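Read the structure below first, then the notes.
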Amino acid sequence: MRTVLLIDQGFLAVNAIVGGLLLMLAPDGSLLKLPRDFMHTTLFADFFWPGAILFAGLGLGHLLGFLLTLRRSPIAAGVALVLGAGTLTWIGVQVLLTELFWLQGLIAALGSVELLAGRRLH
(Lines of atoms letter the chains of each structure in order from A; the text may use other names.)
(Lines give C-alpha, C1' and ligand atoms only; values in the text may rest on other atoms or scores of the structure.)
Protein backbone atom coordinates (compact mmCIF):
# COMPACT_ATOMS: atom_id res chain seq x y z
CA MET A 421 0.00 0.00 0.00
CA ARG A 422 2.95 2.30 0.63
CA THR A 423 4.04 2.00 -3.01
CA VAL A 424 0.54 2.91 -4.20
CA LEU A 425 0.58 5.94 -1.91
CA LEU A 426 4.00 7.04 -3.18
CA ILE A 427 2.88 6.83 -6.82
CA ASP A 428 -0.36 8.63 -5.99
CA GLN A 429 1.29 11.43 -4.03
CA GLY A 430 4.07 11.81 -6.59
CA PHE A 431 1.61 12.19 -9.45
CA LEU A 432 -0.57 14.63 -7.50
CA ALA A 433 2.48 16.68 -6.48
CA VAL A 434 3.78 17.02 -10.04
CA ASN A 435 0.30 17.72 -11.42
CA ALA A 436 -0.44 20.45 -8.86
CA ILE A 437 3.01 22.06 -8.99
CA VAL A 438 3.08 22.22 -12.79
CA GLY A 439 -0.59 23.21 -13.06
CA GLY A 440 -0.27 25.86 -10.38
CA LEU A 441 2.86 27.34 -11.94
CA LEU A 442 1.25 27.48 -15.39
CA LEU A 443 -1.82 29.23 -13.97
CA MET A 444 0.33 31.78 -12.16
CA LEU A 445 2.52 32.40 -15.22
CA ALA A 446 -0.51 32.91 -17.49
CA PRO A 447 -3.45 33.96 -15.30
CA ASP A 448 -5.69 34.05 -18.37
CA GLY A 449 -5.45 30.23 -18.50
CA SER A 450 -3.89 30.23 -21.97
CA LEU A 451 -0.97 27.92 -21.13
CA LEU A 452 -3.45 25.22 -20.10
CA LYS A 453 -5.95 26.19 -22.80
CA LEU A 454 -8.57 26.98 -20.15
CA PRO A 455 -11.29 29.42 -21.12
CA ARG A 456 -11.42 32.47 -18.88
CA ASP A 457 -15.19 31.89 -18.73
CA PHE A 458 -14.45 29.18 -16.15
CA MET A 459 -13.85 31.98 -13.65
CA HIS A 460 -17.13 33.86 -14.12
CA THR A 461 -18.86 32.03 -11.26
CA THR A 462 -15.95 32.30 -8.82
CA LEU A 463 -14.53 35.00 -6.57
CA PHE A 464 -11.47 35.32 -8.80
CA ALA A 465 -10.95 37.60 -11.79
CA ASP A 466 -8.39 35.22 -13.30
CA PHE A 467 -6.48 32.01 -12.57
CA PHE A 468 -3.55 33.50 -10.62
CA TRP A 469 -4.79 32.94 -7.04
CA PRO A 470 -6.33 29.51 -7.72
CA GLY A 471 -2.96 28.62 -9.30
CA ALA A 472 -1.08 29.87 -6.24
CA ILE A 473 -3.33 27.85 -3.92
CA LEU A 474 -2.97 24.77 -6.13
CA PHE A 475 0.82 25.14 -6.22
CA ALA A 476 1.37 25.88 -2.53
CA GLY A 477 -1.38 23.85 -0.90
CA LEU A 478 -1.75 20.74 -3.00
CA GLY A 479 1.53 20.77 -4.94
CA LEU A 480 3.98 21.42 -2.13
CA GLY A 481 1.70 19.58 0.30
CA HIS A 482 1.81 16.43 -1.79
CA LEU A 483 5.56 16.78 -2.26
CA LEU A 484 5.91 16.88 1.53
CA GLY A 485 3.54 13.92 1.86
CA PHE A 486 5.56 11.97 -0.71
CA LEU A 487 8.81 12.64 1.19
CA LEU A 488 7.24 11.68 4.52
CA THR A 489 5.87 8.45 3.03
CA LEU A 490 9.23 7.70 1.40
CA ARG A 491 11.03 8.16 4.74
CA ARG A 492 8.38 6.06 6.55
CA SER A 493 7.63 8.95 8.89
CA PRO A 494 5.17 8.17 11.68
CA ILE A 495 3.03 11.11 10.54
CA ALA A 496 2.92 10.07 6.85
CA ALA A 497 -0.43 8.30 7.14
CA GLY A 498 -2.08 11.25 8.88
CA VAL A 499 -0.68 13.66 6.30
CA ALA A 500 -2.01 11.41 3.53
CA LEU A 501 -5.48 11.55 5.09
CA VAL A 502 -5.38 15.35 5.25
CA LEU A 503 -4.05 15.65 1.69
CA GLY A 504 -6.61 13.19 0.33
CA ALA A 505 -9.42 15.14 1.99
CA GLY A 506 -7.92 18.39 0.72
CA THR A 507 -7.75 17.05 -2.83
CA LEU A 508 -11.39 15.93 -2.73
CA THR A 509 -12.42 19.30 -1.29
CA TRP A 510 -10.48 21.14 -4.03
CA ILE A 511 -12.18 19.09 -6.75
CA GLY A 512 -15.59 19.41 -5.08
CA VAL A 513 -15.33 23.19 -5.04
CA GLN A 514 -14.11 23.16 -8.66
CA VAL A 515 -17.08 21.09 -9.77
CA LEU A 516 -19.49 23.41 -7.96
CA LEU A 517 -17.99 26.63 -9.34
CA THR A 518 -16.80 25.75 -12.85
CA GLU A 519 -17.69 23.57 -15.79
CA LEU A 520 -16.94 19.86 -15.61
CA PHE A 521 -13.59 18.80 -16.98
CA TRP A 522 -12.34 15.21 -17.48
CA LEU A 523 -9.28 15.71 -15.27
CA GLN A 524 -11.51 16.39 -12.24
CA GLY A 525 -12.68 12.76 -12.19
CA LEU A 526 -9.13 11.46 -12.32
CA ILE A 527 -7.94 13.78 -9.54
CA ALA A 528 -10.97 12.88 -7.39
CA ALA A 529 -10.16 9.19 -7.86
CA LEU A 530 -6.53 9.78 -6.87
CA GLY A 531 -7.64 11.75 -3.81
CA SER A 532 -9.86 8.82 -2.83
CA VAL A 533 -6.97 6.38 -3.29
CA GLU A 534 -4.83 8.62 -1.09
CA LEU A 535 -7.49 8.59 1.63
CA LEU A 536 -7.80 4.81 1.49
CA ALA A 537 -4.03 4.26 1.44
CA GLY A 538 -3.55 6.70 4.31
CA ARG A 539 -6.22 4.87 6.29
CA ARG A 540 -4.60 1.50 5.64
CA LEU A 541 -1.21 2.80 6.79
CA HIS A 542 -2.68 4.52 9.86
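One point on numbering: in this note's numbering, the residue at position 35 of the sequence shown is 455, and numbering is uninterrupted. Glycine residues also receive a C-beta, built at the ideal position from the N, C-alpha and C atoms. Computed from a predicted structure; not experimentally measured.
query, result
"May I have a chain-ordered list of the alpha helix (DSSP H) segments no shorter than 4 residues that lie completely inside the region 483-530?", "496-517"
"Rounded C-beta distance between Ile522 and Leu478? I'm assuming under 8 Å.", "Contrary to the premise, residue 522 reads as Trp rather than Ile in this sequence. 18 Å between Cβ atoms; not a contact."
"I'd like the list of long-range same chain contacts for Phe464, defined as Cβ closer than 7 Å, with 5 residues on each side in sequence excluded.", "Pro470"
"Taking 9 Å as the threshold (C-beta atoms), are Leu426 and Phe486 in contact?", "yes"
"Sort Glu534, Arg456, Leu516 and Val515 by Cα distance to Phe431 and report the nearest one.", "Glu534"
"Starting from Thr461, trace the alpha helix (DSSP H) both ways and give me its first and last residue.", "Unbroken run through Thr461: none, as it is neither H nor E."
"Could you work out which residue in Thr461, Leu541 and Gln429 is closest to Pro517 when comparing CA atoms only?", "The residue asked about is misnamed: residue 517 is Leu in this sequence, not Pro. For Leu517, the nearest C-alpha among the options comes from Thr461."
"Got a sec? Which residues, its chain only, sit under 8 Å from Pro447 by beta carbon, not counting five neighbours each side?", "Asp466, Phe467, Phe468 and Gly471"
"I need the straight-line Cα distance from Pro494 to Leu441, nearest angstrom please.", "31 Å"
"What does a CB cutoff of less than 7 Å around Phe475 pick up in its chain, not counting 5 residues either side in sequence?", "Ala436, Ile437, Gly440, Leu441 and Met444"
"Quick one, are the C-beta atoms of Ala537 and Ala505 less than 9 Å apart?", "no"
"Can you give me the start and stop residues for the alpha helix (DSSP H) that Leu443 sits inside?", "Arg422 to Leu445"
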